[in-house]
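Engineer:
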Amino acid sequence: MRTTTGINSRVAIEREANVGIVWIDNPPVNALNTEVRAGLWSAVESLRQDVGIEAIVLACRGRTFVAGADIGEFALPAKEPTLPVVIAALEAIGKPTIAVIHGTAFGGGLELTLGCDYRIATPDARLGLPEVRLGFIPGAGGTVRLPYLIGGLAALPMVVTGQPISSDEALALGLVDAIAAADTLVEDAIAFIRRVLVGGGKPCPVRERREQIGKTDPTLFEQEAALLTSRSGSLVAASAGVEALRNAIALPFDEALNIERETFETLKASEQSKALRHVFFAERAAAKVEGVDHDVPVRPVESVGIVGGGTMGTGIAMAFANAGLPVVLLDLNAAALAQARARLDQNYQASVTRGSLTEAQKRERLDRISLSVTYDALSTCDLVIEAAFEDMDVKKEIFSKLDRIAKPGAILATNTSYLDVNEIASATERPGDVAGAHFFSPANVMKLMEIVRGARTAPDVLMTLVELGRKIGKVPVVVGVCRGFVGNRMLAARGAESMNLLLEGASPQEVDKAFTSFGWPMGPFEMQDLAGLDISWRNRKALGQTLPLADDLCELGRFGQKTGRGYYLYEAGSRVPKPDPELATLIETKSKDMGIARRRIDPEEIIERTLYPMINEGVRILKEGIASRSSDIDLIWIHGYGFPVAKGGPMFWAETEGMSKIVVGLRHWHKKTGRDIFRPAS
Ligand code: T1G
Numbered sequence: 001m002r003t004t005t006g007i008n009s010r011v012a013i014e015r016e017a018n019v020g021i022v023w024i025d026n027p028p029v030n031a032l033n034t035e036v037r038a039g040l041w042s043a044v045e046s047l048r049q050d051v052g053i054e055a056i057v058l059a060c061r062g063r064t065f066v067a068g069a070d071i072g073e074f075a076l077p078a079k080e081p082t083l084p085v086v087i088a089a090l091e092a093i094g095k096p097t098i099a100v101i102h103g104t105a106f107g108g109g110l111e112l113t114l115g116c117d118y119r120i121a122t123p124d125a126r127l128g129l130p131e132v133r134l135g136f137i138p139g140a141g142g143t144v145r146l147p148y149l150i151g152g153l154a155a156l157p158m159v160v161t162g163q164p165i166s167s168d169e170a171l172a173l174g175l176v177d178a179i180a181a182a183d184t185l186v187e188d189a190i191a192f193i194r195r196v197l198v199g200g201g202k203p204c205p206v207r208e209r210r211e212q213i214g215k216t217d218p219t220l221f222e223q224e225a226a227l228l229t230s231r232s233g234s235l236v237a238a239s240a241g242v243e244a245l246r247n248a249i250a251l252p253f254d255e256a257l258n259i260e261r262e263t264f265e266t267l268k269a270s271e272q273s274k275a276l277r278h279v280f281f282a283e284r285a286a287a288k289v290e291g292v293d294h295d296v297p298v299r300p301v302e303s304v305g306i307v308g309g310g311t312m313g314t315g316i317a318m319a320f321a322n323a324g325l326p327v328v329l330l331d332l333n334a335a336a337l338a339q340a341r342a343r344l345d346q347n348y349q350a351s352v353t354r355g356s357l358t359e360a361q362k363r364e365r366l367d368r369i370s371l372s373v374t375y376d377a378l379s380t381c382d383l384v385i386e387a388a389f390e391d392m393d394v395k396k397e398i399f400s401k402l403d404r405i406a407k408p409g410a411i412l413a414t415n416t417s418y419l420d421v422n423e424i425a426s427a428t429e430r431p432g433d434v435a436g437a438h439f440f441s442p443a444n445v446m447k448l449m450e451i452v453r454g455a456r457t458a459p460d461v462l463m464t465l466v467e468l469g470r471k472i473g474k475v476p477v478v479v480g481v482c483r484g485f486v487g488n489r490m491l492a493a494r495g496a497e498s499m500n501l502l503l504e505g506a507s508p509q510e511v512d513k514a515f516t517s518f519g520w521p522m523g524p525f526e527m528q529d530l531a532g533l534d535i536s537w538r539n540r541k542a543l544g545q546t547l548p549l550a551d552d553l554c555e556l557g558r559f560g561q562k563t564g565r566g567y568y569l570y571e572a573g574s575r576v577p578k579p580d581p582e583l584a585t586l587i588e589t590k591s592k593d594m595g596i597a598r599r600r601i602d603p604e605e606i607i608e609r610t611l612y613p614m615i616n617e618g619v620r621i622l623k624e625g626i627a628s629r630s631s632d633i634d635l636i637w638i639h640g641y642g643f644p645v646a647k648g649g650p651m652f653w654a655e656t657e658g659m660s661k662i663v664v665g666l667r668h669w670h671k672k673t674g675r676d677i678f679r680p681a682s
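Numbering-wise, UniProt numbering puts 453 at position 453 of the sequence shown, and it's gapless, one number per residue.
Structure follows, in structure tokens:
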């Protein structure tokens, strides 16, 4: 007979003859908050003293094993017992122990399992140390016990990239000892530990197993470490993780453990970590749509139609096909469709060449995308996304056709980047089913999905798009209707000033350098060359707007990489930007014609004059209710435009700089340039 004793509200002990099962129950993800740690510590103490108990099983209720320390508690001073203390007590319990893993054993969760002698997992479990993504290193022995168990080389990618591994991989590495089906998991764990008892029953703590770590090849380790850290961006935690592993290899166990904890504490207090934790919670907050009941039933989406076979249309098609959904790609122009087919093939082939996709996977994905020149092919789709030319009349015509052809209940979305979603919806008899689904180029890569809520968009349509976005690996953010929505509206504020900087004396490479030094993957001019200058030019012309210099470049046919010239020069077949002396002359002449005196402009001025107006626009967007939270704006800039994630997004960065500094800066540049920098032309 089994008896259960509650230790506190989060931890209980179940006794099954001579085996004690410690249950953790802290929904939703069994995070190790103070109460769980206190409960675990008491449970371990109680079972250590219990002479009737010979072995211990550690398991979790709910959907997952422990997903880590409670990130929400990090802002507060750590309370006793800390996780290292709990794990040390478990490790020293003097009886064989086994951790039972289902769902995710992440961070402190995985470290907790390393305090046990054995680990058993379900086939679909994932094990990882994602701490680096939160800006610190594991703080409860992960960088020491993991390499003890699986070797320094195998531990390296887990610590430096934060990427989890599957239970099969864990089994191959010796991180788990057995795999068991979910419905018999705990019973199998009990049977496993009873076999250990029969076989002699001595505990074998990880700290005493130095065999694998001793085999770590130092040359290979350093080579791999250099490669992985170079790919990590400027994350301090990535190189700190490597250093912690070096310590585990070279130093005595306790010494390495103490240094790990000190580094963890220092990094936890860093600005980078605060920013990354902000992003973690921002991503979860964005899934909650203001004013919409979270439990509203979503519409099933099992097939997707896309109108328009251009770059965006094909990118969006790939995003869905990659996630396993069948797609119909429509273009009325057969030649455009043939080009789309070639582009799809080329893009997938590039992944095969890079080694990220197998030939068979490429086939499978291509087979999921069928091409069509007639609208009838869309009649069975659950969702249709229009990705046609950016012109209101064109879009309205498409939506009125979709209204006639799409099945009842189908969601009709537009990928417009600027236009009024309400006006587009008015071309249908079902505005409740219409929303914006704004992807970012390249749509199969960039994670942002701006979901535009029209005045009449139905709540379940919004929730369906949010859920679907997450399913295909995007970060969906719901925004309201205005010209350019959140991202492009703020981009316009930045664009106007970056052009003025060129006219006043900065070169494109100086502006871009200031951006990359700030942490952006590329500067605004390199980005425009990549995207093509002609797109915004066409857009300006349609609106009767002009932008000095940018228009001049387009009139000269300098559209960027695609024409070999833009703000930079590109040699045939190369994507490497080179400064162009011809452009320098062109800019100087333009400055003279416009009567603008040229001067040296330093990187601080470049950053202030481009980012401050953008932040100012962000504040205005919040006041207008176009974005519901400032953290939504941060996500849009991180996942759609490459704002450095380690700075937490423009609004978070502005808070850390101090909003008053931004306002003072804006006033200063307003006075100095004589322009209304608070309301840049857009
Ligand atoms: N702490 C606090 N809350 C957490 C949490 C955590 N570690 N993980 C998830 N949540 C909340 C989340 O905010 C959301 O809340 C709900 O759980 C569901 O999450 C000492 C220092 C586990 C794979 O980094 O990767 O251990 O919004 O929507 O898609 O070395 O959450 O519903 O109110 O994401 O099923 C290391 C982070 C911590 C794991 C589940 N661990 N979490 O994904 O659901 S540091 C992590 C995840 C550490 C030690 C250190 C994912 C997930 P709400 P969700 P999901």
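Every residue, glycine too, gets a C-beta built ideally from N, C-alpha and C.
(1) Taking Asp-183 as the reference, which of Leu-465, Gly-103, Glu-131, Ile-259 has the closest Cα?
(2) Do the CB positions of Leu-83 and Gly-62 come within less than 8 Å of each other?
(3) Rounded to whole angstroms, what's the CA-CA distance from Ser-682 to Asp-331? Just pull it up for me.
(4) Could you tell me the distance, in whole angstroms, from the CA atom of Glu-429 to the CA atom of Met-318?
(5) Pairing CB atoms from the stretch 639–656 with CB atoms from the stretch 517–529, are three or more of them under 8 Å?
(6) Going by CA-CA distance only, name the one from Glu-364, Ala-492, Ala-443, Cys-204 that's closest to Thr-314.
(7) Output needed for Glu-582: all residues of its chain with C-beta closer than 6 Å, excluding positions within five of it in sequence on either side, in chain order.
(8) Taking the beta carbon of Asn-488 as the centre, do at least 16 other beta carbons fall within 10 Å, making it buried, or is it exposed?
(9) Quick check for students: name the residue ranges of the alpha helix (DSSP H) that lie wholly in the stretch 377–413, counting only runs of 4 or more.
(10) Ligand 1 and Gly-442: does the residue's C-beta get closer than 7 Å to at least one heavy atom of that ligand?
(11) For Glu-450, does the three-state DSSP call read helix, strand or coil?
(12) Name the DSSP beta bridge partners of Val-327, please?
(13) Taking one C-beta from the stretch 31–44 and one from the stretch 5–13 each time, how about it: are there three or more such pairs within less than 8 Å?
(14) Between which two residues does the alpha helix (DSSP H) carrying Trp-669 extend?
(15) Going by DSSP, which residues form a beta bridge with Arg-565?
(16) Three or more C-beta pairs closer than 8 Å, one from the stretch 126–133 and one from the stretch 83–93: is that the case here?
(17) One question on the structure: do Met-651 and Asp-634 come within less than 8 Å of each other, judged by their Cβ atoms?
(18) From which residue to which residue does the alpha helix (DSSP H) around Tyr-641 run?
(19) Can you have a look at Ala-338 and say buried or exposed, based on whether 16 or more other CB atoms are within 10 angstroms of its CB?
(20) Excluding the 5 residues flanking Leu-468 on each side, which residues of the same chain have their C-beta closer than 7 Å to its C-beta?
(21) Let me confirm a value: Pro-28 is counted as buried when at least 16 other C-beta atoms fall within 10 Å, else exposed. Which label applies?
(22) Check residue 687 in the structure and name its three-state DSSP category.
(23) Where does Leu-153 land, buried or exposed, given buried means 16+ other C-beta within 10 angstroms?
(24) Could you tell me whether the stretch 476–491 touches the stretch 348–355, where touching means 3 or more Cβ pairs closer than 8 Å?
(25) Secondary structure at Gly-313, three-state DSSP: helix, strand or coil?
(26) Looking only at its chain, what residues have a beta carbon closer than 8 Å to the beta carbon of Ile-120, apart from the 5 residues adjacent to it on each side?
(27) Give the DSSP bridge partners of Thr-3, in chain order.
(28) Going by the DSSP bridge assignment, what does Cys-204 pair with across the sheet?
(29) Ignoring anything shorter than 3 residues, give me the beta strand (DSSP E) runs that lie fully in the stretch 106–172, in order along the chain.
(30) Quick check on Thr-358: does DSSP put it in helix, strand or coil?
(31) With H, G and I counted as helix, E and B as strand and the rest as coil, what does DSSP make of Leu-462?
(32) Take Leu-553 as the anchor and find which of Thr-416, Ile-601, Asp-534 has the nearest alpha-carbon.
(33) Who are Gly-436's beta bridge partners in DSSP?
(34) Can you give me the C-alpha to C-alpha distance between Gly-560 and Ala-550, rounded to a whole angstrom?
(35) Using only CA atoms, which one of His-438, Lys-401, Gly-142 lies nearest to Phe-448?
(36) According to DSSP, is Ile-23 part of a helix, a strand, or is it coil?
Structural biologist: On the basis of the supplied data:
(1) Gly-103
(2) no
(3) Residue placement at Ser-682 is poorly supported in this model, since its pLDDT is 48, which falls under 50; the coordinates still yield a value, given next. Taking the straight line joining both Cα atoms gives about 31 Å.
(4) 30 Å
(5) yes
(6) Ala-443
(7) none
(8) buried
(9) 392–405
(10) It should be noted that the sequence gives Pro, not Gly, for residue 442. No; taking the cut-off as 7 Å, the Cβ of Pro-442 has no heavy atom of ligand 1 nearer than that.
(11) strand
(12) Val-304, Ile-369
(13) yes
(14) 659–673
(15) Gly-560, Leu-569
(16) no
(17) yes
(18) 630–641
(19) exposed
(20) Val-301
(21) exposed
(22) Examination of residue 687 is not possible in this model, given that the chain is present from 1 through 682 alone.
(23) buried
(24) no
(25) helix
(26) Ile-98, Ala-99, Val-100, Ile-101, Val-176, Asp-177, Ala-178, Ile-179, Ala-180, Leu-185, Asp-188, Ala-189, Phe-192
(27) Arg-15
(28) Per DSSP, none; premise fails for Cys-204.
(29) 118–121, 126–128
(30) coil
(31) helix
(32) Asp-534
(33) Thr-414, Val-452
(34) 11 Å
(35) The identity of residue 448 in the sequence shown is Leu, whereas the question assumes Phe. The shortest C-alpha separation from Leu-448 is found at His-438.
(36) Here the sequence assigns Trp to residue 23, which means Ile is not the residue at that position. Correct three-state label for Trp-23: strand.
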